[in-house]
Amino acid sequence: MVAGVQVVAADDGHAREVRSNVRVSIERALREIPFYVKRGARLATEGSLAKALASLPLLHKKDIRATLPKQWVPAGRDLKADLASGAIEIVETAGSTGERARVLHDAGWWARQEARALRTNAVVARALGSEVGASPRLAVLAMPATGTRSCNAGDLAYEERLTGSVLALSQRPDPTYWKPAEMARMIAELSRHATVGLIADPMHLAVLARYAARQGQTLDVRGFIALTHATTTAAALRAIKAVSSVPVLQVYSAREVGTLFVQGEDGRLYHAPFDAPFTTHVELLPVKVATPGAANVALVVVTTLDREAQPLVRYVVGDLVQVERDAPRGPSDVAALVSLEGRVDDAIVRGDGALVTAGALDRALADVDGVALFQANQRTPEQVDVDVVCDDSGGSIDAERVVRDVRAALTVLLAGLAVDVRTVSALAAEASGKVRIARRAFPLDYAATFEIGEVGL
Amino acid sequence: MTTTTTTTGPTNGNPASASTTSLNHLAESLRPEFPLLSRELSGHGLVFLDSASTTPKPRVVIDAVSHYYASCTANVHRGVHGLGDEATQLYDAARLEVAGLLNAAPDELVFVRGATEAINLVAHALALTADDEVVFPASEHHANWLPWRVRAAPVPIPIDGDGVPRWEMIESLITPRTKLISVGHVSNVTGVIAPVEEIVAIARRRGIPVLLDGAQSLSHLPVDVKKLDVDFYAASSHKAFGPSGVGVLFAKRERMAKFGLYQVGGGMVAVNGDLGIGELVLRDPPFRFEAGTPAIEATIGFGAAVRFMRKIGMTAIRAHDVQMTDYLLRGLGTISGVRILAGDVPASRRIALATFVVDAPAMTQENVARALSDMFGICVSGGFHCTHVLHARAKLDGTVRASPHIFNTTGDIDRLVEAVAEIVG
């Protein structure tokens, strides 16, 4: 029994059934979806599922960007009518690294799978109640769909930001420019909404949390806080926990594939939902190169199992994770995760070929006093520039000392690279509203970096 | 960057040449970064000593501007396409760079066309009337003179014969009608640094806001607006290695929150509902004060310039500045027939800038500056430097101004000193 998670013993019969479902889903997608039909992809019928999957190419975001929506609905369906009736929805993904995409969701799919997945965590399940599909009072703090940008929709009233019982809190895309009045409104609305669960971008929530702390306030969230949308840094987590009294958990999801992993009370992230029917099959492709500061790093590759519109086969979400090899596995047989390690496109590449994940950078800086936020920028293969936003909430801070400490903390991790550290007032948010803690300006050779083949963790 | 330490030997008996090695180290390493410095002028290798007018641009700034044109030309804060996102990100990053340089919050910075517009914005935003007094040194640049002459009752602080303000008089000039004290951080004529701490202390006691014109300080001094505790700080990009057409106004949040509208139009409005139906919703500051499409490429270049300076380090720049000032003053001081304004103010209280009067028969000071260019390939300023009142009160018919910067070596100063000596002779 893992704290907070109902672990179902891996049963051979059940596992066989799961693997069979994966095959069925993939074969249907390859048979019915024009995108795959045009490419003539075939799933090997002999051998293990892993081997069969390895015979299929990886699917990247750029592949689906250019082909939506027509190539992604089953042959014979009237896309126009489905969109008009709401049977299929077009959803914009923010794109952590500026790679936006549109995806197709079957009507209500996102809410259904999210509600089931969140209940993987026992605390969340208790907070939301046992009834799947109920309308819990949630608030979302992330990039607003509308807001006071140039020639946009302007501010919306509380009632206008409600979708059912889900409240969209933020109206400004970049938290760097949030005004005190804006943050005071959000804090007040958490109470007004009697918020059971807050689903938040951790970087955005950390800004709100630090403001609340300065005002001597707490965040009135009554059940749980789920951090999603981005890597959560140690400093952000500290700031959030300082003003909240409910469990804070990490949720790993992506608009394209739904909720993949939910953190349990033991700190590990478990493939979600934790019971059948499963919504995804996840492959964790090991990294072939050294990953200093992180162990068992893998690339997340997802095959969706319950989508009529736009089923994705071996889709590269673009994230790295640390895999827990020895943790108990549930019926889906997907290993638990120790941590989310950030985007592949964020990882720093050393001269010796080693890959330094955003997560490894954050762990190296976790104990450096005075760091509120940082961003490591690898503009060239030889040079990394590290911008540090100081946390002066405890009084004045010695910026030169922070710079020295950050440089020292990164010495081993970024060995062989020229590292320039400086303090800045704030970090620039991406067009998506997300704040990256690392950026790399040149591409990575996937085949040279990952075990693309049949070996999975 | 290369790091050669070539030094030029002492000329004209310059007594400061003993310490030239460390002084030239930084300059020699940076010179290859400035394409302009490799050209010739009038058959000579270029000696650029006019950075107080505008600085040459380093390669990183030129590249940043070119990159925008070549790779992501798009409007900012408006486009929904990928190019718009890229341009917006580069543009927004520039504001963060400048914020980091000044130790300001990004939302305390308004991008404007330059220091002149920044000061005019403050003059407009304070809604001054003809009875409102603004105290400022009589020696100020027109940018920090005319807004108060046009919009308020100007109260110039008297200056001495060299154009240095008589700061001890400032308190006596403050009245209940004083709405602002506006001071050039560094004089564009004498190069002397204003005693900002003392001025701010006086202003705080009297509850008067302080504007600091940082046109000449941004690229020379470490500037921390929090430590300085000024209410406003105005500066231009082009005097700090960036493109022209963009500058910045820092205003404390509480000050900016009280600003009336400046210019209106696209970019500063969230919603403009139809008359009688919808409402007018403005964007938050600072965007509220940035109407119209901004100088996108210039701003991106400004960000690159600030990054360039921060990479060198403002402390290192200042150290070079002090040494260069000493070398420049000593060199010019050896020439009989040359009078340096405020020449007795030590290097620690001024930037690398010397304005002087050349006693050359039948030549105006403007003639001298032209001769330096035409005969020796040396660029300096000549004339009144937008400070007519200073020159009138100091009874000067113009002056010559040499303003070196981090890329200048002692060799450049030696050539200036030799050339001026030849003209005088």
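Here the protein sequences line up with chains G and U, keeping their order. In terms of numbering that gives the first Met the number 0, the first sequence opens at residue 0 and continues consecutively. In terms of numbering that gives the first Met the number 0, the second sequence opens at residue 0 and continues consecutively. Every residue gets a Cβ at the ideal spot worked out from N, C-alpha and C, and that includes glycine. Keep in mind the model is a prediction, meaning the values are calculated, not measured.
Under 9 Å from the C-beta of residue i: neighbouring residues of chain G
i, result
"Thr87 of chain U", "Ala430"
"Leu95 of chain U", "Thr175, Asp386, Val423, Ser424, Ala425, Leu426, Ala427"
"Asp325 of chain U", "By Cβ distance, chain G contributes nothing, its closest Cβ being about 26 Å from Asp325 of chain U, past 9 Å."
Residue i in three-state terms, based on DSSP
i, result
"Phe249 of chain U", "strand"
"Ala269 of chain U", "strand"
"Pro174 of chain G", "helix"
"Val321 of chain U", "helix"
"Asp390 of chain G", "coil"
"Val423 of chain U", "helix"
"Asp49 of chain U", "strand"
"Glu32 of chain U", "helix"
"Lys178 of chain U", "strand"
"Lys60 of chain G", "helix"
"Gly206 of chain U", "coil"
"Thr87 of chain U", "helix"
"Thr19 of chain U", "helix"
"Ala51 of chain G", "helix"
"Leu456 of chain G", "Low confidence applies to Leu456 of chain G: its pLDDT is 45, below 50, so where it sits in the model is not reliable enough to give any reading."
"Gly381 of chain U", "strand"
"Pro285 of chain G", "strand"
"Ala233 of chain U", "strand"
"Glu16 of chain G", "helix"
"Glu188 of chain G", "helix"
"Glu278 of chain U", "coil"
Residue j beta carbon less than 8 Å from that of residue i
i, j, result
"Ser392 of chain G", "Arg209 of chain G", "yes"
"Asp212 of chain U", "Ser236 of chain U", "no"
"Val355 of chain G", "Gly292 of chain G", "yes"
"Val367 of chain U", "Ala359 of chain U", "yes"
"Val385 of chain G", "Val333 of chain G", "no"
"Val133 of chain U", "Ala114 of chain U", "no"
"Tyr157 of chain G", "Glu188 of chain G", "yes"
"Ala440 of chain G", "Gln377 of chain G", "yes"
"Arg313 of chain G", "Val300 of chain G", "yes"
"Ala401 of chain U", "Leu340 of chain U", "no"
"Gly376 of chain U", "Val46 of chain U", "yes"
"Ala63 of chain U", "Ala303 of chain U", "yes"
"Thr227 of chain G", "Val256 of chain G", "no"
"Thr292 of chain U", "Asn74 of chain U", "yes"
"Trp71 of chain G", "Ile32 of chain G", "yes"
"Leu352 of chain U", "Ser138 of chain U", "no"
"His140 of chain U", "Thr386 of chain U", "yes"
"Val247 of chain U", "Leu108 of chain U", "yes"
"Ala225 of chain G", "Thr217 of chain G", "no"
Bridge partners - residue i, DSSP secondary structure assignment
i, result
"Leu78 of chain G", "Partner(s): none; Leu78 of chain G has no beta bridge."
"His43 of chain U", "U:Leu40"
"Gln374 of chain G", "G:Asp386"
"Leu248 of chain G", "G:Ala225"
"Val315 of chain G", "G:Val300"
"Phe355 of chain U", "U:Ile339, U:Val399"
"Arg101 of chain G", "G:Glu91"
"His270 of chain G", "G:Phe260"
"Arg349 of chain U", "U:Val191"
Partner residues on chain G for residue i, Cβ-Cβ distance less than 8 Å
i, result
"Asp106 of chain U", "Thr175, Tyr176, Lys178"
"Ala92 of chain U", "Ala427"
"Asp161 of chain U", "Per Cβ cutoff of 8 Å: no residues; Asp161 of chain U is ~37 Å from chain G at best."
For residue j and residue i, believed in contact at Cβ under 8 Å, the rounded distance
i, j, result
"Leu78 of chain G", "Arg101 of chain G", "In fact, because the Cβ distance is near 13 Å, the residues do not count as touching under 8 Å."
"Val165 of chain G", "Val139 of chain G", "6 Å"
"Thr324 of chain U", "Arg349 of chain U", "6 Å"
"Ala437 of chain G", "Leu360 of chain G", "6 Å"
"Phe223 of chain G", "Pro246 of chain G", "5 Å"
"Ile311 of chain U", "Ala93 of chain U", "At roughly 18 Å, the Cβ-Cβ gap does not stay under 8 Å, so Ile311 of chain U and Ala93 of chain U are not in contact."
"Val419 of chain U", "Val344 of chain U", "Contact flag wrong, Cβ pair sits at about 20 Å."
Partner residues on chain G for residue i, Cβ-Cβ distance less than 7 Å
i, result
"Arg309 of chain U", "Arg421"
"Ala98 of chain U", "Ser424, Ala425"
"Leu227 of chain U", "The premise fails here: Leu227 of chain U is roughly 15 Å from chain G at the closest Cβ pair, so nothing lies under 7 Å."
"Val59 of chain U", "In chain order: nothing, as chain G lies at least about 11 Å away."
"Ala103 of chain U", "Ser424"
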